[in-house]
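Visitor:
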Amino acid sequence: MRFSLPRPRQLARNLREVAQRRPETTEEYLEANPEAWAHIAEVDPHDAADILEALGTETAAEFLEPLESQQGARILEEMNDSAAAELLQTLPEAQAADLVGSMDADEAVDVLNQYEDEALPDLIANLDAESAFEIQRLLAYPRDSAGGLMTTEVASLPIGMTAGEAIEALRRLHETLDDLSYVYVVDDDQRLTGVVSFRELVFARPGTGLDQAMVPNPVRVTVEADREDVSDLIQRYNLFALPVVDDQERLLGIVTVDEAIEAIQEEASEDMAVMVGAGSEETVRTAVRVSIAKRLPWIIVNLALATIVAFTIERQKGVFDEFVVLAALMPVVALLGGNGGAQSLAVVIRSMAINQVPSQMVPKVLWREVRIGLALGVSLAVLSGIMAFIMSGGEGGVAGVMALAVFVNLSIATSAGAGIPIVLRNLGLDPALASNIFLTFVTDMVGFAGFLVIANAFL
Numbered sequence: 005m006r007f008s009l010p011r012p013r014q015l016a017r018n019l020r021e022v023a024q025r026r027p028e029t030t031e032e033y034l035e036a037n038p039e040a041w042a043h044i045a046e047v048d049p050h051d052a053a054d055i056l057e058a059l060g061t062e063t064a065a066e067f068l069e070p071l072e073s074q075q076g077a078r079i080l081e082e083m084n085d086s087a088a089a090e091l092l093q094t095l096p097e098a099q100a101a102d103l104v105g106s107m108d109a110d111e112a113v114d115v116l117n118q119y120e121d122e123a124l125p126d127l128i129a130n131l132d133a134e135s136a137f138e139i140q141r142l143l144a145y146p147r148d149s150a151g152g153l154m155t156t157e158v159a160s161l162p163i164g165m166t167a168g169e170a171i172e173a174l175r176r177l178h179e180t181l182d183d184l185s186y187v188y189v190v191d192d193d194q195r196l197t198g199v200v201s202f203r204e205l206v207f208a209r210p211g212t213g214l215d216q217a218m219v220p221n222p223v224r225v226t227v228e229a230d231r232e233d234v235s236d237l238i239q240r241y242n243l244f245a246l247p248v249v250d251d252q253e254r255l256l257g258i259v260t261v262d263e264a265i266e267a268i269q270e271e272a273s274e275d276m277a278v279m280v281g282a283g284s285e286e287t288v289r290t291a292v293r294v295s296i297a298k299r300l301p302w303i304i305v306n307l308a309l310a311t312i313v314a315f316t317i318e319r320q321k322g323v324f325d326e327f328v329v330l331a332a333l334m335p336v337v338a339l340l341g342g343n344g345g346a347q348s349l350a351v352v353i354r355s356m357a358i359n360q361v362p363s364q365m366v367p368k369v370l371w372r373e374v375r376i377g378l379a380l381g382v383s384l385a386v387l388s389g390i391m392a393f394i395m396s397g398g399e400g401g402v403a404g405v406m407a408l409a410v411f412v413n414l415s416i417a418t419s420a421g422a423g424i425p426i427v428l429r430n431l432g433l434d435p436a437l438a439s440n441i442f443l444t445f446v447t448d449m450v451g452f453a454g455f456l457v458i459a460n461a462f463l
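With our numbering applied, the sequence shown corresponds to residues 5 to 463, in that order.
1) To which residues of the same chain is Glu31 closer than 7 Å at the C-beta, ignoring the five residues directly before and after it?
2) Report the residue from Met395, Glu69 and Ala112 whose alpha carbon sits nearest the alpha carbon of Thr1.
3) Starting from the N-terminal side, write out each stretch of the alpha helix (DSSP H) that is 4 residues or longer and does not extend beyond the segment 87 to 153.
4) Please report how far the alpha carbon of Ala422 lies from the alpha carbon of Ala310, in whole angstroms.
5) Give me the residue from Ala45, Val47 and Leu56 with the minimum Cα distance to Val22.
6) Which residue spans inside the segment 212 to 260 form an unbroken alpha helix (DSSP H) run of at least 4?
7) Could you spell out the range, first to last residue, of the alpha helix (DSSP H) harbouring Val446?
8) Please report how far the alpha carbon of Leu380 lies from the alpha carbon of Phe315, in whole angstroms.
9) Tell me where the beta strand (DSSP E) around Gly432 begins and ends.
10) Please state whether DSSP places Thr311 in a helix, a strand or coil.
11) Grab the span of the alpha helix (DSSP H) containing Val369 for me, first residue to last.
12) Check whether chain C comes within 8 Å of Leu456, counting only Cβ atoms and requiring the distance to be less than that.
13) Would you identify the three-state DSSP class for Pro162, choosing helix, strand or coil?
14) Leaving out the 5 sequence neighbours to the left and right, which residues in its chain are closer than 7 Å to Ala133 when beta-carbon positions are compared?
15) Assuming Arg147 contacts Arg195 (C-beta within less than 8 Å), just tell me the rounded distance between them.
16) Whole-angstrom Cβ separation of Thr418 and Gly342, contact assumed at under 8 Å?
17) What first and last residue would you give for the beta strand (DSSP E) that runs through Val197?
18) Return helix, strand or coil for Phe7, following the three-state DSSP convention.
19) Where does Val187 fall in DSSP's three states?
20) Short of 8 Å in beta carbon distance, which residues of its chain neighbour Val3, apart from the five on each side in sequence? Order them along the chain.
21) Applying the 10 Å Cβ sphere with the 16-neighbour rule, what's the burial state of Phe7?
22) Pro247 and Tyr188: beta carbons closer than 8 Å?
23) Tell me where the alpha helix (DSSP H) around Arg354 begins and ends.
24) Could you check the C-alpha separation between Asp215 and Pro362 for me, to the nearest Å?
25) Are there three or more Cβ pairs, one per stretch, closer than 8 Å when the segment 98 to 118 is compared with the segment 64 to 81?
26) Suppose you measure from the CA of Val386 to the CA of Glu399; what does that come to, to the nearest Å?
27) Measuring CA to CA, which of Leu370, Leu428, Asp108 and Glu204 is closest to Ile416?
28) Taking only the alpha-carbon atoms, compute the straight-line gap between Gly257 and Leu153 and give it to the nearest angstrom.
29) Who pairs with Thr155 in a beta bridge, going by DSSP?
30) Which residues bound the alpha helix (DSSP H) around Ala459?
31) Could you work out which residue in Tyr145, Leu124 and Leu205 is closest to Thr226 when comparing CA atoms only?
32) Indicate whether Phe442 and Ile426 have their beta-carbon atoms separated by less than 8 Å.
33) Ignore the nearest five residues each way along the sequence and tell me which others in Leu127's own chain have a CB closer than 8 Å to its CB.
34) Starting from His43, follow the alpha helix (DSSP H) in both directions and report where the run begins and ends.
35) Excluding five sequence neighbours on each side, which residues of the same chain lie with their C-beta closer than 6 Å to the C-beta of Met5?
36) Using three-state DSSP, classify Met406 as helix, strand or coil.
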């Protein structure tokens, strides 16, 4: 079924697509039609955010300046956090503070976490007292904790209320609350005692007390809880929001399902970056010098490990004089081991991310990957042995060396792919921490050096 969007939304959609390919065309159109930009900013902040990101920081600042603070704030909330921070830092301090003060506090904190450290105090100094207090309170929590993810805009009511009184109270609060999926019930000391869905509250008899309508002792997390634990609880219990409490069980805020999804995506992207030795917080907007500083140490580690492999190969090179074909076959052994190990590594790290590898499961996981490695090793040993036999002109010894080397490398590489992240976790390190670099060392060492050791022993 085809449908048409209202004109401002259709225009926003078209301009967003054009801006991603030809930003200068979009810029010229919006400069010639300022009323079009005003409409887009008002009705579709999400597309407006995409357009500003495509136009670049300097141009985006020119289009953001004439907007009202509330409009600009909604657009900034929809932008990538690092792009929004970069944009704010190009604006006059007073205007930047006005925009940040108009944003939801939790959204503002996400952006300010990307701010340059030296610029942040000046921005906060220009905020109104209430916004500054709220933002500084949230900034104090680690980014990857429940406190760093939560919003303090939460519907909470005292336990002594009736359902009818609660509905009246929520009518007065609805303009200041974005999420009314759940209403949390607290005692006189603000301790969380129960939760009731908005739907159940509406259909309850007006005289029913909240203590009767609520579900007591709801699932909750402390403010220090890791974002992985937060996401896991929201997913496990199919929640729209998860309450956050302090060590006295006092309600501080909630983590919405939207924030949990963003946290999962960020965790996945960070793990992918760290696996290959890039900084977990590095993006294409990160300063070049910072990116170099984050990547160089792991590249140096890689060089050191590769040097060990090179020295080992150099000591075994004599076999090439008699069997030149080995030089062509050796990279194949390392490549097969690298691919097999990478598959195992990906499966184990993904399983760790979704809490499927508790300590008691480690032996079972390792044994599973060992069996897979042995099976793959046997299969590929036969195929690679046949290939080596053909390439060497019927040399049975070369074929046997190739088959044995492939079997050994695949078996070890698959086991290493499973074992490396588990070892790193047991050492208290991030399981994704440069696992790929260490795995490459193992597969190269066994693939290149091991191949030559076997060749020298049997040929």
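Ideal Cβ placement from N, Cα and C applies to all residues, glycine included.
Guide: The answer reads as follows:
1) What you label residue 31 is simply residue 27 of the sequence shown in a count that begins at 1. So the qualifying residues of the chain are Leu59 and Thr63.
2) An answer regarding residue 1 cannot be provided, because it is not within the stretch 5 to 463 covered by the chain.
3) List check, alpha helix (DSSP H) in window: 97 to 106, 109 to 116, 124 to 129, 133 to 143 and 150 to 153.
4) Mapped onto the sequence shown, residue 422 falls at position 418. Mapped onto the sequence shown, residue 310 falls at position 306. Straight-line Cα distance between these residues: approximately 21 Å.
5) Your numbering for residue 22 matches position 18 in the sequence shown. With distances taken between Cα atoms, Val22 lies closest to Leu56.
6) Listed in chain order, the complete alpha helix (DSSP H) runs (minimum 4 residues) inside the segment 212 to 260 are 214 to 217 and 231 to 240.
7) Along the sequence shown, one-based indexing puts residue 446 at 442. It spans Ser439 to Asp448 - the alpha helix (DSSP H) in which Val446 sits, taken as one unbroken run.
8) Counting from 1 along the sequence shown, the entry for residue 380 is found at position 376. Counting from 1 along the sequence shown, the entry for residue 315 is found at position 311. Cα-Cα distance, rounded: 29 Å.
9) Translated into positions along the sequence shown, residue 432 becomes position 428. Gly432 -> no beta strand (DSSP E), and no H or E assigned at all.
10) The count along the sequence shown starts at 1 and reaches residue 311 at position 307. Of the three classes helix, strand and coil, the one that applies to Thr311 here is helix, per DSSP.
11) Position 365 of the sequence shown, counted from the first residue, corresponds to residue 369. Run containing Val369: Val366 to Met395, per the alpha helix (DSSP H) assignment.
12) Considering every chain present, this structure includes no chain C. It has just one protein chain.
13) Mapped onto the sequence shown, residue 162 falls at position 158. Under the three-state reduction of DSSP output, Pro162 falls in the strand class.
14) Here residue 133 refers to the residue found at position 129 of the sequence shown. Close CB contacts of Ala133 within its chain, under the 7 Å cut and outside five residues either way in sequence, are absent.
15) Taking the first residue of the sequence shown as 1, we reach residue 147 at position 143. Taking the first residue of the sequence shown as 1, we reach residue 195 at position 191. Under the criterion of beta carbons closer than 8 Å, Arg147 and Arg195 do not qualify as touching, at roughly 27 Å.
16) On the sequence shown, residue 418 is found 414 positions in, with the first residue counted as 1. On the sequence shown, residue 342 is found 338 positions in, with the first residue counted as 1. Contact flag wrong, Cβ pair sits at about 11 Å.
17) Taking the first residue of the sequence shown as 1, we reach residue 197 at position 193. First, the residue type needs correcting, since residue 197 is Thr and not Val in the sequence shown. If you look at Thr197, you'll find it in the beta strand (DSSP E) that goes Leu196 to Ser201.
18) Within the sequence shown, the letter at position 3 stands for residue 7. Residue placement at Phe7 is poorly supported in this model, since its pLDDT is 41, which falls under 50; the coordinates are not used for a value here.
19) Taking the sequence shown and counting its residues from 1, the one referred to as residue 187 is at position 183. In the structure shown, Val187 sits in a strand (DSSP, three-state: E or B).
20) Limits of the chain in this structure are 5 at one end and 463 at the other, which puts residue 3 out of reach.
21) Looking up residue 7 in the sequence shown gives position 3. With a pLDDT of only 41 at Phe7, under 50, the local geometry of the prediction cannot be trusted, and the value read off the model is given with reservation. A residue is called buried once 16 or more other Cβ atoms fall within 10 Å of its Cβ, and Phe7, having fewer, is exposed.
22) For the purposes of this step, residue 247 is taken as the residue at position 243 of the sequence shown. For the purposes of this step, residue 188 is taken as the residue at position 184 of the sequence shown. Yes.
23) Here residue 354 is taken as the residue at index 350 of the sequence shown, counted from 1. Start and end: Val329 to Ala357.
24) Along the sequence shown, one-based indexing puts residue 215 at 211. Along the sequence shown, one-based indexing puts residue 362 at 358. Just so you know, the alpha carbons of Asp215 and Pro362 end up roughly 38 Å apart.
25) Taking 8 Å as the limit for Cβ pairs, the verdict is that the segment 64 to 81 does touch the segment 98 to 118.
26) Position 382 of the sequence shown, counted from the first residue, corresponds to residue 386. Position 395 of the sequence shown, counted from the first residue, corresponds to residue 399. Here the alpha carbons of Glu399 and Val386 stand approximately 15 Å from one another.
27) Position 412 of the sequence shown, counted from the start, is the residue given in the question as residue 416. Nearest C-alpha to Ile416: Leu370.
28) By 1-based counting over the sequence shown, the position of residue 257 is 253. By 1-based counting over the sequence shown, the position of residue 153 is 149. Straight-line spacing of the CA atoms in Gly257 and Leu153 works out to 10 Å.
29) On the sequence shown, residue 155 is found 151 positions in, with the first residue counted as 1. Partner(s): Ile258.
30) In the sequence shown, residue 459 corresponds to position 455, counting from 1. For Ala459, the uninterrupted alpha helix (DSSP H) segment begins and ends at Phe455 to Phe462.
31) Numbered from 1 along the sequence shown, position 222 holds the residue referred to as residue 226. Here the closest residue by C-alpha is Tyr145.
32) To locate residue 442, count along the sequence shown from 1; it is residue 438. To locate residue 426, count along the sequence shown from 1; it is residue 422. Between Phe442 and Ile426, the CB-CB gap reaches or exceeds 8 Å.
33) Here the question's residue 127 lines up with position 123 in the sequence shown. Taking Leu127 as the centre and dropping the five residues before and after it, the same chain places the C-beta of Leu92, Glu97, Ala100, Ala101, Val104, Leu116 and Tyr119 closer than 8 Å to its C-beta, in chain order.
34) What you label residue 43 is simply residue 39 of the sequence shown in a count that begins at 1. Counting along the chain, the alpha helix (DSSP H) containing His43 begins and ends at Pro38 to Val47.
35) As a working note, residue 5 is residue 1 in the sequence shown. The predicted model places Met5 with a pLDDT of 36, which falls under 50 and marks its position as unreliable, so this point remains unresolved.
36) In the sequence shown, residue 406 corresponds to position 402, counting from 1. Three-state result, Met406: helix.
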